[in-house]
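Heads up: the structure comes next, in structure tokens.
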Amino acid sequence: MLLAYNAEKTLAKTVQAIPDNLKSNILVGDDSSSDRTSQVAKELGLEVVRHNKNLNYGGNLRYLMKQAISDGADVVVELHADYQYEPSIIDLLAGFVERGWYDLIQGNRIRTRQEALSGGMPYYRYFGNRVLTFGQNLWFGTCFGEWHSGLRAYSRRLLVQAPLEEFHSSHAFASDIMSFAVARGFRVAEVPCPVRYEVESSSVAPGNLFRYAWHTMRAALHYPPWRRTRSFLRRA
């Protein structure tokens, strides 16, 4: 699943960096871009779904997930078309899920503070990420490097059971599905992920971060510790 919004300048190099064995399975979700995103995707020979109106990050992701389920996919990878997350590692994430080790595995951008900031991550995003992740780790009893990655691989089992329609249509969708997976005992993990923040990279506007933080806290409170399912190891 390649999430795209005004990504005509970065789409080609994102696709080029995707491992060759996965390029035939790319589905682009064009979230009502005002540029040539859909045209570029078609020129690259990709399957494209262009939404007539902007569904926002979560709405676009929800649509693509449901389409992947309908198409019978066993492993689904979420990648942004703005070349922010490193595309060349998505086969590694997919492999962990395909072999039955995890139901959700994400790319962790924050292995160290220096590494994250040297990649161009804005200070306000870094510190906001640290505060929210610290709180979520305490609440859920986890030790993830971050809870807010936009590079993830999902098992069909997780997507079929997740209440996708209940998750928020904004960027908070990421916290919703992560919280659900951890609280309901699905196996969740992460791997280091190089990132780059360039002019064309998408980002949550500073003014929307407070709204995002509020939705993130609501998602966590929806799963109190006494109502959680223990995680278990499941091999395919």
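Position 97 (the sequence shown) corresponds to 96 in numbering that gives the first Met the number 0; numbering is contiguous.
Think of the CB as a built atom: it goes at the ideal place given N, C-alpha and C, for glycine as much as any other residue.
Paired residues, beta bridge with residue i - DSSP
i: Val76; result: Ala152
i: Val48; result: Gly28
i: Pro191; result: Asn107
i: Tyr84; result: Val194
Through-space distance from residue j to residue i, alpha-carbon basis
i: Gln135; j: Pro162; result: 20 Å
i: Ser37; j: Leu54; result: 16 Å
i: Gln83; j: Arg227; result: 33 Å
i: Met0; j: Pro191; result: 20 Å
i: Asn51; j: Ser31; result: 6 Å
i: His170; j: Gly57; result: 6 Å
i: Phe185; j: Tyr153; result: 11 Å
i: Leu10; j: Val130; result: 32 Å
i: Ala93; j: Arg61; result: 19 Å
i: Glu85; j: Trp146; result: 18 Å
i: Gly99; j: Leu63; result: 22 Å
i: Val194; j: Pro223; result: 33 Å
i: Lys22; j: Ile88; result: 13 Å
i: Asn109; j: Met120; result: Reading the sequence as shown, one finds Ile at residue 109 and not Asn. Each residue's alpha carbon lies about 10 Å from the other.
i: Lys12; j: Gln160; result: 34 Å
i: Ala40; j: Ile25; result: 10 Å
i: Ala3; j: Val27; result: 7 Å
i: Asn107; j: Ser148; result: 6 Å
i: Glu165; j: Thr215; result: 14 Å
i: Gln15; j: Arg35; result: 18 Å
i: Asn207; j: Tyr122; result: 15 Å
i: Tyr125; j: Phe139; result: 21 Å
i: Met177; j: Ala188; result: 10 Å
i: Ala180; j: Leu103; result: 8 Å
Counted within 10 angstroms of its Cβ, other Cβ atoms place residue i as buried (16 or more) or exposed
i: Ala235; result: In this prediction, Ala235 has a pLDDT of 48, which is less than 50 and means its spatial position is unreliable; what the coordinates show is noted afterwards. So Ala235 ends up on the exposed side.
i: Phe209; result: exposed
i: Asp29; result: buried
i: Asp175; result: buried
i: Asn20; result: exposed
i: His221; result: exposed
i: Phe143; result: buried
i: Gly44; result: exposed
i: Gln105; result: buried
i: Leu137; result: exposed
i: Asn5; result: buried
i: Arg112; result: exposed
N- and C-terminal bounds of the beta strand (DSSP E) containing residue i
i: Asn107; result: 103 to 107
i: Leu2; result: 1 to 3
Opening and closing residue of the alpha helix (DSSP H) in which residue i lies
i: Ala93; result: 89 to 97
i: Leu116; result: 112 to 117
i: Ile17; result: Where Ile17 is concerned, there is no enclosing alpha helix (DSSP H), given that its DSSP letter is neither H nor E.
i: Gly144; result: From DSSP, Gly144 is part of no alpha helix (DSSP H); its letter is neither H nor E.
i: Asp175; result: 172 to 182
i: Ala40; result: 36 to 42
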